[in-house]
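Residue 6 is where the sequence shown starts when you use the working numbering, and the numbers rise one by one after that.
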Amino acid sequence: MTNDKMAPLSAEMAVGGEEPVKRQKILVIKLSALGDVVMATGPFAAIRRAHPDAHITLLTTKLYVDLAKSTGCFDAIAVDRRPKLTQFGDLMALRRFLRGGEFDRVYDLQTSDRSTFYYRLFWPGKAPEWSGIAWGSSHPHKHPERHKMHTIDRHIDQLAGMGITDIPLPFINAPKADLDRFGIKTPYVLICPGGSPHRPEKRWPAERFGLLAKMLADYRLTPVLIGTDKEADVLDRISNMCPRARNLMGKTDFLEIASLAQGAVLAIGNDTGPMHLAAAAGVPTIVLFSEASNPAQCAPRGHGKDAVSIIQQPDLRNLPITRVFEVIRQRLNLED
6 MTNDKMAPLS
16 AEMAVGGEEP
26 VKRQKILVIK
36 LSALGDVVMA
46 TGPFAAIRRA
56 HPDAHITLLT
66 TKLYVDLAKS
76 TGCFDAIAVD
86 RRPKLTQFGD
96 LMALRRFLRG
106 GEFDRVYDLQ
116 TSDRSTFYYR
126 LFWPGKAPEW
136 SGIAWGSSHP
146 HKHPERHKMH
156 TIDRHIDQLA
166 GMGITDIPLP
176 FINAPKADLD
186 RFGIKTPYVL
196 ICPGGSPHRP
206 EKRWPAERFG
216 LLAKMLADYR
226 LTPVLIGTDK
236 EADVLDRISN
246 MCPRARNLMG
256 KTDFLEIASL
266 AQGAVLAIGN
276 DTGPMHLAAA
286 AGVPTIVLFS
296 EASNPAQCAP
306 RGHGKDAVSI
316 IQQPDLRNLP
326 ITRVFEVIRQ
336 RLNLED
C-alpha cells in the first residue's frame, strides 16, 4: 500500500486560537475500470461538495491516480495493490491503512466482492459508516434493481441514501491539447478502434474502421487513431488503409485523450474506456455496441441533448459501414 499524499492534514486550528477542530475523514473506494472511474467523477464532485471541510481520501489503483488528481476532489490518494488472500503482507498493509485511517465514513463506489471484503478488514474493531453493499454496513444500498441500473443511476441512488443529491455528469479537467506536438491537422475525428484484448466480440472489424477513416479523410477530416501497443495490429491495419490518418498508438495517457477529444469535431469507437473520456470531455460521441454489453447499463453519458449516439448490432461483424457513416453524416452535417 502506497500513499500519494496531496494534503495529509487531520486537524486544523479554529479561528482565534481555540482548540483544534477535528476534520471529518472520508474514504472513497473506486478501483477500476477506466469507464467506471470516469462515470464516478460526478459522484466524486458531489461527495466533495457534501463534505467541503472533510479530509477525503480516494482508494484506487495506480493506473487512475493522475485522472483522480485532475478532478480536484481529493486531499489524498491511496494506491491499492489489489492483494490476493495468499499475499499476506500486502493484505495486512491494506488492513492497517483502513483501520489506521480513522475514517468516519466510507463511500464504496466499487461495490464489488473485493471492496465488500475490505469492510470485513475492520473486524474485530468498529467499522466506520459505510455506504455500499457489505452485509452489516450502516448504509447498505438495497435497491432491488441495482444490478440492472446504469452505473451512473446506481451511484445516484446509492448517494441519495446518504443525503447527497444533485450528482453532476462525468467531467474531465484536461489541459488544452498541443496539436503540433501530435502532428494533427484540424478539423479531426478521434477514433478508438480497439478494446479489451479478451473481448474481441466488442470490436468492429479493423478493415471497417479503415474504410471509415478513408471516407472521413475524403471530407478533409483528419482521422486520429488512439490506442495502446497491445492494439498495434488493429491500428497498423487502419493506418495502412488510410495513410492520411494520424496514428497515436501508445502516445497518449488518459488526460491527453480527453484533451484531444475536447478539440475534435467527433469521437467514434467501440465500447471501451476511452470513449467515456471523450464523452466526459464534451465532444459529440458515437459508440458501437455488440450484444456483449448493454448500453442501458454502461454507455457513456455526455453533456447536452443527444451528446452520445449508440449504434448497436448483435454481431459487430455484421454492422455495415453505411449505417455508421450515415450517423456521422447527420452528426456533422456532411453533404454528399
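Don't be surprised by glycine CBs; every beta carbon is placed ideally from N, CA and C.
Three-state secondary structure (DSSP) of residue i
i           : result
residue 63  : strand
residue 112 : strand
residue 200 : coil
residue 5   : There is no way to answer for residue 5, as the model of the chain reaches only from 6 to 341.
residue 248 : coil
residue 339 : coil
residue 134 : strand
residue 227 : strand
residue 205 : helix
residue 161 : helix
residue 190 : coil
residue 243 : helix
residue 27  : strand
residue 10  : Model confidence at residue 10 stands at a pLDDT of 40, short of 50, so the residue's coordinates are unreliable; what they give is reported in the following sentence. Note: residue 10 maps to strand in three-state DSSP.
residue 195 : strand
residue 144 : strand
residue 32  : strand
residue 236 : helix
residue 117 : coil
residue 21  : At residue 21, the pLDDT of 48 sits below 50, so the modelled position is not reliable and the matter cannot be decided from this model.
residue 176 : coil
Pairwise C-alpha distance: residue j and residue i
i           : j           : result
residue 167 : residue 246 : 53 Å
residue 261 : residue 179 : 7 Å
residue 43  : residue 308 : 14 Å
residue 125 : residue 290 : 41 Å
residue 45  : residue 272 : 21 Å
residue 288 : residue 301 : 20 Å
residue 283 : residue 266 : 5 Å
residue 113 : residue 152 : 15 Å
residue 315 : residue 194 : 17 Å
residue 149 : residue 186 : 50 Å
residue 208 : residue 303 : 16 Å
residue 269 : residue 61  : 34 Å
residue 243 : residue 231 : 11 Å
residue 38  : residue 334 : 32 Å
residue 154 : residue 297 : 17 Å
residue 276 : residue 87  : 25 Å
residue 198 : residue 132 : 44 Å
residue 161 : residue 103 : 25 Å
residue 294 : residue 94  : 41 Å
residue 78  : residue 281 : 19 Å
Nearest-angstrom beta carbon gap, residue j and residue i [assumed within contact, 8 Å]
i           : j           : result
residue 218 : residue 189 : Between residue 189 and residue 218 the Cβ distance is about 14 Å, and since that is not below 8 Å, they are no contact.
residue 233 : residue 215 : Incorrect: roughly 19 Å between the Cβ atoms, too far for contact.
residue 229 : residue 251 : 5 Å
residue 70  : residue 82  : 6 Å
Outcome for residue i when other beta-carbon atoms lying within 10 angstroms are tallied against a minimum of 16
i           : result
residue 140 : exposed
residue 35  : buried
residue 27  : exposed
residue 323 : exposed
residue 7   : Low local confidence applies: a pLDDT of 42 at residue 7 is under 50, so the model's placement there is unreliable, and no value is given.
residue 165 : exposed
residue 235 : exposed
residue 327 : exposed
residue 386 : Because residue 386 is not part of the residues shown, which for the chain are 6 to 341, the question remains open.
residue 220 : buried
residue 135 : buried
Residue i CB to nearest heavy atom of the ligand PLP below 8 Å
i           : result
residue 262 : Summarising the ligand content, the structure contains no ligands, and the ligand PLP is consequently not present.
Interface flag, residue i vs chain C, CB-CB below 9 Å
i          : result
residue 98 : In the structure shown, chain C cannot be found, because there is only a single protein chain.
Every unbroken beta strand (DSSP E) within the segment 261-337, with a cutoff of 3 residues, ordered by chain: 271-275, 290-294, 313-317
4 or more residues per run - each alpha helix (DSSP H) lying fully within the segment 34-110: 39-44, 46-55, 70-76, 93-105
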